[in-house]
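Just below is one structure, and these are the notes that go with it.
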Amino acid sequence: MNVFADVAARVRTALTDLQSEGFLPADLVLPAFDAEPPRDPSHGDVAVNAAMVLAKSAKMKPRDIAEALKAKLEAAPNIAKIDVAGPGFLNITFKSSVWHDLVRTILQQGLAYGAGGTGRGEKLNVEYVSANPTGPMHVGHCRGAVFGDALANLLVFSGFDVTREYYINDAGGQVNVLARSAFLRYREALGENIGAIPEGLYPGEYLKPVGEALAAEHGSSLLDMPEDRWLPLVRSFAIAKMMEMIKDDLAALNIRHDVFFSEASLTSNGRDQVKAAIEVLRGKGLIYEGTLEKPKGHDDAEWEDRVQTLFKSTAFGDDEDRALQKSDGSYTYFAGDVAYHYDKLQRGFRHLINVFGADHVGYIPRMKAAVAALSDGKADLDVKVVQLVRLFKAGEPYKMSKRAGTFVTLRDVVDEVGRDPVRFMMLYRKNQETLDFDFAKVTEQSKDNPVFYVQYAHARAASVLRNAVEQVAGLDVSVEALEKADLSILTDPGELDLIRRLASFPRLIEGAATAHEPHRVAFYLYDLASALHTQWTRGNDSPHLRFIQANDGVATSARLGLIFATKTVIRSGLQILGVEAPEAMR
RNA sequence: GGCCCCGUAGCUCAGCUGGAUAGAGCAACGGUUUCCUAAACCGUAGGUCGCAGGUUCAAAUCCUGCCGGGGUCGCCA
0 MNVFADVAAR
10 VRTALTDLQS
20 EGFLPADLVL
30 PAFDAEPPRD
40 PSHGDVAVNA
50 AMVLAKSAKM
60 KPRDIAEALK
70 AKLEAAPNIA
80 KIDVAGPGFL
90 NITFKSSVWH
100 DLVRTILQQG
110 LAYGAGGTGR
120 GEKLNVEYVS
130 ANPTGPMHVG
140 HCRGAVFGDA
150 LANLLVFSGF
160 DVTREYYIND
170 AGGQVNVLAR
180 SAFLRYREAL
190 GENIGAIPEG
200 LYPGEYLKPV
210 GEALAAEHGS
220 SLLDMPEDRW
230 LPLVRSFAIA
240 KMMEMIKDDL
250 AALNIRHDVF
260 FSEASLTSNG
270 RDQVKAAIEV
280 LRGKGLIYEG
290 TLEKPKGHDD
300 AEWEDRVQTL
310 FKSTAFGDDE
320 DRALQKSDGS
330 YTYFAGDVAY
340 HYDKLQRGFR
350 HLINVFGADH
360 VGYIPRMKAA
370 VAALSDGKAD
380 LDVKVVQLVR
390 LFKAGEPYKM
400 SKRAGTFVTL
410 RDVVDEVGRD
420 PVRFMMLYRK
430 NQETLDFDFA
440 KVTEQSKDNP
450 VFYVQYAHAR
460 AASVLRNAVE
470 QVAGLDVSVE
480 ALEKADLSIL
490 TDPGELDLIR
500 RLASFPRLIE
510 GAATAHEPHR
520 VAFYLYDLAS
530 ALHTQWTRGN
540 DSPHLRFIQA
550 NDGVATSARL
560 GLIFATKTVI
570 RSGLQILGVE
580 APEAMR
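If you're matching positions, the first sequence starts at 0 in numbering that gives the first Met the number 0 and goes up one per residue.
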């Protein structure tokens, strides 16, 4: 139930009526208009701008159209008042029963309130994290991981059939480095003194267990093999171990992917899906052999022209065409990614979302070009870029350095501050905005910390429901009972403010889902929590506003209905963010 | 040099894809607890929305050009 969408629909009907009655031109194409809560509550409950939007094409005065709409809509059963205001706003005030019904609706729908809006069961693919399988996840991966996961939750809530996907970069040179590094640890595990880790290999301790596991499985047999024989063995072994580690790290944040797609699988078992994808593009006349021009800012000295297989991504808005094969004939990373996205399309996805770190922005246009070309423009790819996270400790910048041992892994962060603060804070900012993450602040349990502020609101609501049972004899606080409460006694401005905020939840969800912006949910929850805290505290000065009225079961039930509804929406929002909704604070 | 992101109160940021008088938190100042969790709340003060044009009945929001900060730029992944 979305009261604003309801109004919009009714206005649209009224407009077509006005057309058939000849008041408005019949051939007029009705444009998009808004029905939204006005910023100033004194302007009523819903402001509609349809008259102003229409004025020009109808060649009429906006206020005249507004008056006509007013006449049409005024009779509607749940509308108390309509004002034509300003340049032609239609300010609608609902009968208070609309708000009371809304509370009841939330109680009836529970966590389904606001769900299932725009998705209509369509398949949608979100690719996120995709960290290289060469070591544990570091804190830089954290934001993209949380963002992608919350976005996926949001889209599920909005009715999409979401697949969460991780692309394993297990085909490039870096996994050979991994294999050699692991091989060194294997020799170490067999008792050899390996000394310092040579430059160019991964020095991390996390490879020691991999070496030991190799020794346990193969004994010393690998030592007798030439590199071209042990390398593939060690490589796939190490990658598998790394992926286990990464999955563990992700699990610490409650992140689980549905599909792990291996880059190497594109060209294994005698198949070559990369070639197949390139041939598809060739069939569309988008592949050619050629040389790229030297970029303007490039250092002159090292540049030399090379003939390469190129994809005509400029035909789709990219700055230059992109190489698919290296000069030795092997595929570029991009070529694999093209094939991977072709695979997504083959699997029936028409909505694709990729979550990238800020350092990959330059990669976006070619990826979009590839998807546009492969799908003939029938699929949409939205690339969400998460900006850098800057670490602080009590206000002081926290420098990361592998050498100094202050390299921060994702696990370190989660262990130190906990899953909920990490998740919430990573989402309490627009994705394109750089984010400051302060270890000291996020663990603080006060209103300065939005995570606890919101969780506390939920716990407070839970506490009220618990206390009510003790304080009011014979009170039933089950949802079923609260649904039947006489909600019409909720007339206090603070109570109505709370209800209005609850009413905008479906709208909020829809907007956040269309824009792919989960942060909006976090900010909404903060505001909702604030409204609840406010109303609570008003009970200090005005005892008659307290939620629990010991000798008035009717009033208590109604207010508990509101509290329950608020608690439900907070829980629902937190669920999207992947943050716990506690029944009590410690 | 090309492209992308950012520029809103002293600080950190929202601003619902164009709406009415631009919001919140922190910091500052002043208040609220024999009372459902003060882990909270209320009030005061603080803004030429980087600058200049343009589109529109209406611009922080869209377009163009500048200025400042960050990122990125042929076979890495």
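Think of the CB as a built atom: it goes at the ideal place given N, C-alpha and C, for glycine as much as any other residue. The model shown is predicted, which means the values in this text are computed figures rather than measured ones.
Counted within 10 angstroms of its Cβ, other Cβ atoms place residue i as buried (16 or more) or exposed
i	result
Met-424	buried
Leu-380	buried
Leu-309	buried
Pro-542	exposed
Trp-229	buried
Arg-558	buried
Val-568	buried
Glu-216	exposed
Ala-46	buried
Gly-572	buried
Tyr-339	buried
Met-136	buried
Trp-98	buried
Lys-367	buried
Pro-505	buried
Gln-534	buried
Ala-223	Looking at the sequence shown, residue 223 is not Ala but Asp. Counting Cβ neighbours within 10 Å, Asp-223 comes out exposed, since fewer than 16 surround it.
Ile-277	buried
Pro-492	exposed
Tyr-287	exposed
Met-584	exposed
Lys-240	buried
Supposed close pair residue i, residue j - CB separation, criterion 8 Å
i	j	result
Gly-538	Phe-546	7 Å
Val-138	Leu-390	7 Å
Arg-142	Val-520	So it is not a contact: roughly 16 Å between Cβ atoms.
Arg-321	Arg-281	Arg-321 to Arg-281, Cβ: 14 Å. No contact.
Val-384	Ala-357	6 Å
Val-360	Val-145	That belief does not hold up - the Cβ atoms of Val-360 and Val-145 are roughly 19 Å apart, past 8 Å.
Ala-49	Val-10	5 Å
Leu-501	Ile-105	6 Å
Leu-323	Ala-334	4 Å
Asp-44	Thr-92	5 Å
His-42	Ala-8	Not quite, the Cβ-Cβ distance comes to about 21 Å (not below 8 Å), so this is no contact.
Arg-38	Leu-486	27 Å between Cβ atoms; not a contact.
As assigned by DSSP and simplified to three states, the class of residue i
i	result
Lys-383	strand
Tyr-427	coil
Thr-533	helix
His-457	helix
Gly-494	Note on identity: in this sequence residue 494 is Glu, with Gly being the wrong assignment. If DSSP states are grouped into helix, strand and coil, Glu-494 belongs with the helices.
Pro-24	coil
Asn-1	coil
Asp-526	helix
Gln-18	helix
Val-468	helix
Pro-132	coil
Asn-124	strand
Thr-408	strand
Ala-512	helix
Lys-483	coil
Phe-333	helix
Glu-415	helix
Gln-596	Because the chain is modelled from 0 through 585, residue 596 falls outside the range shown and cannot be assessed.
Lys-392	strand
- Query: Should the region 441-455 be regarded as contacting the region 415-423, the criterion being three or more beta carbon pairs within less than 8 Å?
  - Reply: yes
- Task: Answer yes if the region 461-480 comes into contact with the region 116-125, meaning at least three C-beta pairs across the two stretches below 8 Å, and no otherwise.
- Result: no
- Length-filtered (4 minimum) alpha helix (DSSP H) runs lying within the region 47-104: 49-57 and 61-72
- Touching by the beta-carbon criterion (3+ pairs, under 8 Å), the region 171-184 and the region 223-234: yes
- Message: Count Cβ pairs between the region 444-461 and the region 525-542 that sit closer than 8 Å; are there 3 or more?
- Response: yes
- Message: I'd like the ranges of any alpha helix (DSSP H) spanning at least 4 consecutive residues and lying wholly in the region 160-223.
- Response: 172-188 and 207-217
- Message: In chain order, what are the residue ranges of uninterrupted beta strand (DSSP E) at least 3 long that sit wholly in the region 344-378?
- Response: 350-356
- Task: For the region 250-314, list the alpha helix (DSSP H) runs that are entirely contained and at least 4 residues long, ordered along the chain.
- Result: 272-282
- Can we say the region 253-260 touches the region 318-329, given the rule of at least three CB pairs closer than 8 Å? no
- Message: Taking 8 Å as the cut-off, does the region 153-162 touch the region 195-202 (at least 3 CB pairs, one atom from each stretch)?
- Response: no
- Specify whether the region 244-256 and the region 163-180 touch according to this definition: at least 3 beta carbon pairs, one from each stretch, less than 8 Å apart. yes
- Item | At least 3 beta-carbon pairs within less than 8 Å: the region 53-63 vs the region 95-115 | no
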